[in-house]
Amino acid sequence: MTFSNLRKTGFQLRRTVRRILLYINYEEYSMCLAKFFNVQPASGETIGLDGKVLKHSYQIENDNPNSDSHPAIMLVSSYIVERGLILEPFEVDAKTNEIKALPELLKKLALKGVVFAFDAINTQKKLVN
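Quick note: the numbering used here has the sequence shown finishing at residue 130, numbered continuously throughout.
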């Protein structure tokens, strides 16, 4: 298949990739990546934490009558700023939000001696304690 043919059939390709991504268990995926790459932040490094909604990951009833509707997938990622590496993607439960998921991710990471950087929305007293 040439690149020009791929562009003509890109719509079907995007649907296939989307369908595969919806079945990934992000917790298992991130644990496998962490073991494989053995990435650990050094003391004093900056860890950026940010939540993102995966584009077009939602399914509404009108999109496809053969599949169930579901909300968009939201991930909170931890990122080692100095090295440009994503440390851990963490899937947020559909019934909650980034603010409530962040403490769970911080407990899971269990990092000491690093500097955390957040969005303004995550600067809350409960998170600091």
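From the three backbone atoms N, C-alpha and C, an ideal C-beta is built for every residue, glycine too. Nothing here was measured: the structure is a model prediction, and the numbers come from that model.
What do you reckon, are the CB atoms on I48 and V115 nearer than 7 Å? yes
So, for A102: in the same chain, excluding its five sequence neighbours on each side, which residues have a beta-carbon less than 6 Å away from its beta-carbon? Closer than 6 Å at Cβ, skipping near neighbours: V77 and V93.
First and last residue of the uninterrupted beta strand (DSSP E) at I53: The displayed chain sequence assigns Lys, not Ile, to residue 53. It spans T47 to V54 - the beta strand (DSSP E) in which K53 sits, taken as one unbroken run.
Exposed or buried, M75, counting other C-beta atoms within 10 Å across all chains shown (16 or more means buried)? buried
Would DSSP call M2 helix, strand or coil? For M2, the pLDDT reaches just 46, beneath the cut-off of 50, and the residue's location in the model is therefore unreliable, although a value from the coordinates is still provided. Secondary structure of M2 (DSSP, three-state): coil.
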